Structures are given as structure tokens and as C-alpha cells.
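Novice: My questions all concern the structure below.
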Amino acid sequence: MNQTFEQIKNDHRIYIGSEYEERIDYRVADLIQDRVALRELLKRQEKGIEAPSFSLAGLLFGKMYSVLAMGFFEMMVVHGVILDLDPARVGIECEEKNRMNYIVPAEAALPMDEVSDEKKKELVRTFIIDHVQPLFQNVAQTSRCKSTHMRSIVSHNLHQRYCALLKERPEEKETIDQLFRWLTSNELFRENYRNPLQFKFRYYTSDAGKETYVRRHCCMKYMLHDANKAKCCATCPLIADEERDEKL
1 MNQTFEQIKN
11 DHRIYIGSEY
21 EERIDYRVAD
31 LIQDRVALRE
41 LLKRQEKGIE
51 APSFSLAGLL
61 FGKMYSVLAM
71 GFFEMMVVHG
81 VILDLDPARV
91 GIECEEKNRM
101 NYIVPAEAAL
111 PMDEVSDEKK
121 KELVRTFIID
131 HVQPLFQNVA
141 QTSRCKSTHM
151 RSIVSHNLHQ
161 RYCALLKERP
171 EEKETIDQLF
181 RWLTSNELFR
191 ENYRNPLQFK
201 FRYYTSDAGK
211 ETYVRRHCCM
221 KYMLHDANKA
231 KCCATCPLIA
241 DEERDEKL
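Structure follows, in C-alpha cells:
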């Protein structure tokens, strides 16, 4: 398992093991409950990326947080490991600019083949409902950005990762499809409760055959470059498809 943990650390900035505990700057549970601590983290990131506004720092926190969501998804597919991402278990180490490492104890990493489907579903719901949703709500209220935009950015990156995994592992399509539905559809949610990560995205194919999902909301990172829209990424909804072709 140690080799797997090392690979996960390198690929997803997820550090698994008690030896990383002393590197934690913030506990996710504290960021959800303590707006003073959250504001401190966001101000630190605002300064690190030289953001022109505090709301942009908040929005880009959401974009960076998608690293954890994509890692959670890919770990299940590639490594057969599911994480218990209860906010009390997860620590954040702040690095340069607004980069973050995510630190969890070894007992939070569970082999998929030793966990029932019901437990897997419970862990997915925990990550979405108890972790991502309240954290993003607090970020939005603290920085005056929009929680919907942050959640759509995370969902979009999960859609992109889904396509990549299908291409890399076509023989595991059934498993990938199921996990993707759990993360981004209402399959695990009651009729009167919508999955906060459920969004529809336009699927674009260029004349050259390159494909991508187009974001619902711009991540606004181009604002770090004096609002130069030439810096928008290929998935941005603000650019024309002709420009998208050039960037893909």
C-alpha cells in the first residue's frame, strides 16, 4: 500500500499517513465552522496569487480544490482505494501561490474490495454533502464569490477526468460510469435533494477531432493577467469556438 500512497501523493497532492500530520495548516472541519480561519487562508492565497479581488481568490480556491475531487475519483478507479473525507479527517497544507496539499490518516484510505457498496455510497455522499458543499458555502459567504460557480468548476473537472479515464481504461467502463454517476448525478440523492455537483456541460468537438467539455462558468483566472482574455483556457465559456480550436 505504501507504493500506492506514494503514487497518489505525486499524482493528486493527497498525502496519506500520520507522518504528515505536523504539516497541516488548517483542518477542513475548522474552515467550515470558523470563518476567521477561513478568511486567513483565503487572504494568504489572495496575496500568493496577487489576485485583484478577494472574491477571485475565493473562486480560485474552488478551482484548486477540484484537485482533491479528481483524486478521490481517480483513486477509486486506478488504485482501488476509497477515502473517508469526513472534514474532521482532512487537513490542508498551504504551499506557494494558492496550491494545497491534502493530508489524511492512513485509516481513512479503504480498499474498495473490502467495502460494501452501501459504505462506498455513504463515503461519496459524505464528501459531497458534509465536505464540499458546506466548505464552498463558507468560502462564498466569506469572499463574496458564488458557491454555484465553484461547484460547477469541480463538476466540470470531474467530467474531464471521466473522459480521460474512459480512454485510458476502456475495459473498466462499467466501474467508471458508476462512480461518475455517484459523483455527478442524483443517483445517491433523495428526490427532494439535488446533488450539488450535478451540472450539464456542452461537449465540443473541434474540426481536428479534439474533444472537451465547455465550462458553465468561467474560473476567472484570466483576471490574474490584467483581464486579458487571450489567457482564457480552452474550456472557457467566454471564448468563441474558433479560438477554442486553436487552444485545444
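Residues 1 to 248 in full-length UniProt numbering are what the sequence shown lists, from first letter to last. Virtual Cβ for every residue (Gly too), placed ideally from N, Cα, C. Quantities reported herein were computed from a predicted structural model and do not represent experimental measurements.
So what's Cys94 in DSSP terms, helix, strand or just coil?
Specialist: Within the sequence shown, residue 94 is the residue found at index 94, counting from 1. The answer is strand: DSSP assigns Cys94 an E or B state.
Novice: Please report the distance separating the alpha-carbon of Ile16 from that of Thr126.
Specialist: To locate residue 16, count along the sequence shown from 1; it is residue 16. To locate residue 126, count along the sequence shown from 1; it is residue 126. Answer to the nearest angstrom: the Cα atoms are 18 Å apart.
Novice: Does the beta-carbon distance from Ala108 to Leu68 come in below 7 Å?
Specialist: Here the question's residue 108 lines up with position 108 in the sequence shown. Here the question's residue 68 lines up with position 68 in the sequence shown. Not closer than 7 Å, so no.
Novice: Using the Cβ count rule (16 or more neighbours within 10 Å means buried), how would you classify His159?
Specialist: Translated into the one-based positions of the sequence shown, residue 159 becomes position 159. Its Cβ being crowded by 16 or more others within 10 Å, His159 is buried.
Novice: Counting pairs of Cβ atoms below 8 Å between the segment 221-230 and the segment 152-166, do you hit three or more?
Specialist: no
Novice: Mind checking which residues open and close the alpha helix (DSSP H) that includes Ala29?
Specialist: In the sequence shown, counting from the first residue as 1, residue 29 sits at position 29. For Ala29, the enclosing alpha helix (DSSP H) stretches over residues 28-33.
Novice: On the three-state DSSP scale, how would you describe Arg44?
Specialist: Locating residue 44 in the sequence shown gives position 44, counting from the first residue. Helix.
Novice: Taking just the CA atoms, how far does Phe73 sit from Lys121?
Specialist: On the sequence shown, residue 121 is found 121 positions in, with the first residue counted as 1. On the sequence shown, residue 73 is found 73 positions in, with the first residue counted as 1. C-alpha separation (whole angstroms): 13 Å.
Novice: Would Leu38 and Thr148 be called neighbours here (beta carbons separated by less than 7 Å)?
Specialist: What you label residue 38 is simply residue 38 of the sequence shown in a count that begins at 1. What you label residue 148 is simply residue 148 of the sequence shown in a count that begins at 1. No, Cβ-Cβ distance for Leu38 and Thr148 is not below 7 Å.
Novice: Just confirm the distance between the C-beta atoms of Arg97 and Cys219, as a whole number of angstroms; I'd bet it's less than 8 Å.
Specialist: Within the sequence shown, residue 97 is the residue found at index 97, counting from 1. Within the sequence shown, residue 219 is the residue found at index 219, counting from 1. In the sequence on display, residue 97 carries Lys and not Arg. For a cut-off of 8 Å, the C-beta gap from Lys97 to Cys219 is around 15 Å, too long to register as a contact.
Novice: Jot down the residue ranges of each uninterrupted beta strand (DSSP E) in the segment 156-239, minimum 3 residues, whole runs only, in chain order.
Specialist: If only complete runs of 3 or more residues are kept, the segment 156-239 shows the beta strand (DSSP E) at 202-205, 211-214, in order along the chain.
Novice: Using the Cα positions of Asp11 and His156, report the straight-line distance between them to the nearest angstrom.
Specialist: By 1-based counting over the sequence shown, the position of residue 11 is 11. By 1-based counting over the sequence shown, the position of residue 156 is 156. Going from the Cα of Asp11 to the Cα of His156 covers about 19 Å.
Novice: Short check: CB of Asp177 to CB of Ile92, under 7 Å?
Specialist: The count along the sequence shown starts at 1 and reaches residue 177 at position 177. The count along the sequence shown starts at 1 and reaches residue 92 at position 92. Not closer than 7 Å, so no.
Novice: Check for me: the beta strand (DSSP E) holding Leu83 runs from which residue to which?
Specialist: Here residue 83 refers to the residue found at position 83 of the sequence shown. Element bounds for Leu83: 81-83.
Novice: Within its chain, find whatever has a CB closer than 6 Å to the CB of Ile27; leave out the 5 residues flanking it on each side and keep chain order.
Specialist: Locating residue 27 in the sequence shown gives position 27, counting from the first residue. The sequence given here has Arg at residue 27, not Ile. Closer than 6 Å at the Cβ level, and outside the excluded window around Arg27, lie Gly91.
Novice: Rounded to a whole number of angstroms, what is the C-alpha to C-alpha distance between Gln198 and Ile49?
Specialist: In the sequence shown, counting from the first residue as 1, residue 198 sits at position 198. In the sequence shown, counting from the first residue as 1, residue 49 sits at position 49. C-alpha separation (whole angstroms): 29 Å.
Novice: Would you give the residue range spanned by the alpha helix (DSSP H) that Ala57 belongs to?
Specialist: Here the question's residue 57 lines up with position 57 in the sequence shown. Counting along the chain, the alpha helix (DSSP H) containing Ala57 begins and ends at 54-74.
Novice: What does the alpha-carbon distance come out to for the pair Ala106 and Ser18?
Specialist: For this step, residue 106 is matched to residue 106 along the sequence shown. For this step, residue 18 is matched to residue 18 along the sequence shown. One C-alpha to the other measures close to 7 Å.
Novice: Quick one: what's Ile16 bridged to in DSSP?
Specialist: If you number the sequence shown from 1, residue 16 lands on position 16. Partner(s): Val104.
Novice: In whole angstroms, what separates the C-alpha of Leu135 from that of Ser53?
Specialist: Start at 1 with the first residue of the sequence shown, and residue 135 comes out as number 135. Start at 1 with the first residue of the sequence shown, and residue 53 comes out as number 53. Between Leu135 and Ser53, the alpha-carbon positions lie close to 20 Å from each other.
Novice: Taking the Cβ atom as the reference point for each residue, do Val124 and Ser66 lie within a distance shorter than 7 Å?
Specialist: Against the sequence shown, residue 124 aligns to sequence position 124. Against the sequence shown, residue 66 aligns to sequence position 66. No, the Cβ-Cβ distance between Val124 and Ser66 is not below 7 Å.
Novice: Taking the alpha-carbon of Met76 as reference, which of Lys173, His217, Asn101, Ser185 has the nearest alpha-carbon?
Specialist: Position 76 of the sequence shown, counted from the start, is the residue given in the question as residue 76. Measuring from the Cα of Met76, the nearest candidate turns out to be Lys173.
Novice: Between which two residues does the alpha helix (DSSP H) containing Leu135 stretch?
Specialist: In the sequence shown, residue 135 corresponds to position 135, counting from 1. Residues 133-143.
Novice: With distances taken between CB atoms, is the gap from Val214 to Thr184 smaller than 7 Å?
Specialist: Within the sequence shown, numbered from 1, the residue matching residue 214 stands at position 214. Within the sequence shown, numbered from 1, the residue matching residue 184 stands at position 184. No. Outside cutoff.
Novice: Per DSSP, Pro87 forms a beta bridge with which residues?
Specialist: The count along the sequence shown starts at 1 and reaches residue 87 at position 87. None, per the DSSP bridge assignment.
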